[in-house]
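**Q**
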Amino acid sequence: MAELPLSTPRTVLVTGATGGVGSAVARALHTAGWTVYAAHRRPEDAEALRDAGFTPVRLELTDEDSVFAAAEQIGSRLDGLVNSAAIMGQGPVELTPTEAWRRQFEINVIGQATVIRAFLPALRASGGRIVNIGAVSARVPPPFFGPIAASKAALAALTHSLRAELRHQGVKVTLVEPGAMDTSIFATADKASADLGRAGSAKTQEHYARALDAVRATAARQPLGPVAPAVDAVVRALTARRPATLTTTGRDGRALALLRFLPDGLRDRLVLKAFGVTAEAFEDAPLTESPAAGPR
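With the working numbering applied, the sequence shown covers -18 to 277.
#1: Please list the terminal residues of the continuous beta strand (DSSP E) segment that includes E158.
#2: Going by the CB atoms, is the gap between L156 and V137 shorter than 8 angstroms?
#3: Please list the terminal residues of the continuous alpha helix (DSSP H) segment that includes T95.
#4: Put V208 into one of helix, strand or coil per three-state DSSP.
#5: Please work out which residues of its chain come closer than 6 angstroms, Cβ to Cβ, to D(-3), disregarding the five sequence neighbours upstream and downstream, and give them in chain order.
#6: For the beta strand (DSSP E) that H21 lies in, which residues bound it at each end?
#7: From the DSSP secondary-structure annotation, give me the bridge partner or partners of P37.
#8: State buried or exposed for L237, treating a residue as buried only when at least 16 other CB atoms are found within 10 Å of its CB.
#9: Among F256, R58 and I129, which has the Cα closest to the Cα of R191?
#10: With distances taken between CB atoms, is the gap from A161 to G231 smaller than 8 angstroms?
#11: Quick check: the region 70 to 80 against the region 9 to 25, are at least 3 beta-carbon pairs closer than 8 angstroms?
#12: Determine the burial state of Q93: buried for a count of at least 16 other Cβ atoms within 10 Å of its Cβ, exposed for fewer.
#13: What's the gap between the Cα of A29 and the Cα of P102?
#14: Identify whether L243 lies in helix, strand or coil by the three-state DSSP scheme.
#15: With V112 as the anchor, note down where its beta strand (DSSP E) starts and where it stops.
#16: Going along the chain, which residues of its own chain have a beta-carbon closer than 6 angstroms to the beta-carbon of E87, five neighbours each way excluded?
#17: Pull the bridge partners of T(-8) from the DSSP assignment, please.
#18: Among F242, V74 and P24, which one has its Cα closest to the Cα of Y189?
#19: Under the DSSP definition of a beta bridge, which residues are partnered with G61?
#20: Do you know offhand how far P224's Cα is from P210's?
#21: With DSSP collapsed to three states, give me the class of D265.
#22: Across which residues does DSSP place L227 in a beta bridge pair?
#23: If you draw a straight line from the C-alpha of I91 to the C-alpha of I68, how long is it?
#24: Return the first residue and the last residue of the alpha helix (DSSP H) that I129 is part of.
#25: Could you tell me the alpha carbon to alpha carbon distance between R222 and A106, rounded to whole angstroms?
#26: Hey, could you find the ends of the alpha helix (DSSP H) T79 is sitting in?
#27: Measuring CB to CB, does L143 end up less than 8 angstroms from L59?
#28: Using three-state DSSP, classify A238 as helix, strand or coil.
#29: Kindly indicate which three-state DSSP category V215 falls into: helix, strand or coil?
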């Protein structure tokens, strides 16, 4: 695919630039000559971002005033926006507390929409690009990945709607859906998953324990893919004359995406088997009656 020359100065805002895909994307674009505005939440991150050659921008996804203040700081023109910031919550729907669901969507969906709203005038002025980082689990959600999968599915819907809205306004929109990658978000997800054990009654927690152990063991054996394919996809989305509307990266990501074409029942059986979740996993602690309510 042909790419636009990078001879003219370009500007891009990358959210989640302090780690994971966002950090790798920021480095790649800086190396290619872009002016990178690196969004960060913590004041102490600014110096490290500046030392890396980026322009740090304080931006809190859950604070609308912070987002619009960042837009004023950057100014009236912006060539690219990469929405990479996210959190990854895992666990059974039944054991995921309401506040965890709210935070998942506040950051992964509402926060992304707020950033887009704030920076769209500057992107429109330059005929810019928007790249949203989704997840292949949005299309084929594995068991106990409901929180992250649901939020990324919502982000995918937002992205597709936005792309159609901006089609005649000169702004192109791409969704990049990576598979599992070797980034810090997966370590954070492990802690979040462990914290979910505090929700629900003790009996309900026990009911899910064996199945959760099987999923954790399967995930621990699965090698995490490199970040590079996702970074390359983002760079192409920002520079190609005709960028793809959707790119799935990683061997596991592409394989999982193919499962969406199977009948639901067959797909469920294959996914459950792959994650080691069997009917026997729930036999040690059956829920034969409604347990007393636990923490919500």
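Heads up, the beta-carbon is just placed ideally off N, CA and C, and yes, glycines get one too.
**A** Let me spell this out:
#1: K153 to P159
#2: Looking at the sequence shown, residue 137 is not Val but Ala. Here A137 is near L156, since their CB atoms are less than 8 angstroms apart.
#3: G92 to S107
#4: coil
#5: The identity of residue -3 in the sequence shown is Gly, whereas the question assumes Asp. Around G(-3): G3, S65 and A66.
#6: T16 to H21
#7: Bridge partners of P37: A19.
#8: buried
#9: F256
#10: yes
#11: The answer is no - the region 70 to 80 does not touch the region 9 to 25, with fewer than three Cβ pairs under 8 angstroms.
#12: buried
#13: Each residue's alpha carbon lies about 29 angstroms from the other.
#14: coil
#15: R110 to I114
#16: T43
#17: T16
#18: V74
#19: V(-7) and R110
#20: 15 angstroms
#21: coil
#22: L156
#23: 13 angstroms
#24: G127 to L147
#25: 18 angstroms
#26: T79 to F86
#27: A distance of 8 angstroms or more separates the beta carbons of L143 and L59.
#28: helix
#29: helix
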